[in-house]
Amino acid sequence: GQRLAGKRVLVTAAAQGIGRASAIAMAREGATVFATDVNTDLLGTLPEEAGGSVEAFALDARDDASVKTEVARAEPDVLFNCAGFVHHGSVLDATDEEIDFAMDLNLRSMVRTIRAALPGMLERGGGSIINMSSAVGSVIGAPNRFVYGMTKAAVVGLTKSVAVDYITEGIRCNCICPGTVESPSWHARVKALGEKLGNYDEAMAQFVARQPMGRVASPEEIAALVVYLASDESAFTTGHTHIIDGGWSGQ
Ligand code: NAD
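full-length UniProt numbering puts the first residue of the sequence shown at 3, with every later residue one more than the last.
Given below as structure tokens:
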């Protein structure tokens, strides 16, 4: 289809996982995609895999100066803030360094990209901002996800604030709250838990057991929601948490 024809889309953390699947899905729907990440090796194979119009380039979502220049240059109509990191542990485990890092990457990076993209969107009279939150945080608490849940809940507040301030100017701002999604970093988390338990299969079983459907999501299933929120089909939704968690929080 061509549901995103004529739209310019910028994605952070587009090299792998949900960001990559979303960049590919949006390119295939006719968008011009600016795919950014710090992992330039993986990013390099993206344009060919996507097949559409994709410009892939290095961008550290934690770097004020480069975000300002590069995001403004891309002039996106759609901004998908996907960058984020999962720390393990409770409030007593969390170090100040972990908290500072996660506040910066999971939350502050979105402030950076929005500040860079929003003036252009306002000038052109429209835009859709999609922020990566999680089912973990504002929707449901998960064990040993203190730093992560705290930052992902804050993404919801950021989203609602931006949505309400620009609601009459054609700007929409939503966030997505996935359950567990198969991605390279998720595989690493399963492996780490497996090493802790001395049993990989038990670790995998624990992660899958959180999901009432008995399976985790594919990145493509999340990308389908991103395409919807990027497109004009979602024109009447703003300021919301779009939960896509396989029924995890809906029981
Ligand atoms: P992932 O964690 O496997 O990949 C993350 C990507 O982010 C990598 O390509 C990495 O290079 C990039 N990255 C890291 N630091 C960066 C920086 N400073 N600037 C730009 N890019 C950077 O992918 P994923 O698991 O699909 O996670 C993507 C997002 O989705 C994250 O925000 C995550 O919290 C969120 N999320 C994931 C799940 C899940 O179960 N996988 C569930 C809910 C939400």
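Just so you know, even glycine gets a beta-carbon here, dropped at the ideal spot from N, CA and C.
This structure is a prediction, so every number in the text was calculated from the model and none was measured.
Annotated as proximal: PHE82 and SER24, with beta-carbon spacing under 8 Å.
With a cutoff of 7 Å, LEU61 counts as near ligand 1, since its C-beta is closer than that to a heavy atom of the ligand. The beta carbon of SER251 sits closer than 6 Å to the beta carbons of ALA137, VAL141 and ILE142 from its chain, once the five residues preceding and following it are set aside; these are given in chain order.
Only residues of its own chain outside the window of five on either side were considered, and among them VAL11, ALA25, MET28, ALA29 and VAL56 have a CB closer than 6 Å to the CB of VAL35, listed in chain order. Within the stretch 10–85, the runs of beta strand (DSSP E) at least 3 residues long that lie entirely inside it are, in chain order, 10–13, 34–39, 55–60 and 80–83. Between GLY241 and LYS162 the beta-carbon gap is near 5 Å, inside 8 Å, which marks them as a contact. Non-local C-beta neighbours of CYS179 in its own chain, meaning closer than 6 Å and more than five positions away in sequence, comprise SER135, SER136, ALA137, VAL141, THR243 and ILE245, ordered along the chain.
Rounded to whole angstroms, the Cβ separation of ASN146 and GLY200 is 17 Å, and the two are not in contact under 8 Å. Distances from the alpha-carbon of CYS84 to those of GLY128, THR170, ASN176 and GLU77 put ASN176 closest. Straight across, the Cα-Cα distance linking VAL80 with GLY129 is about 6 Å. By the criterion of a C-beta distance shorter than 8 Å, THR239 is surrounded in its chain by ARG174, ASN176 and LEU231, once the five residues flanking it on both sides are discounted. Close CB contacts of GLU222 within its chain, under the 8 Å cut and outside five residues either way in sequence, are with ALA23 and ALA27 (chain order).
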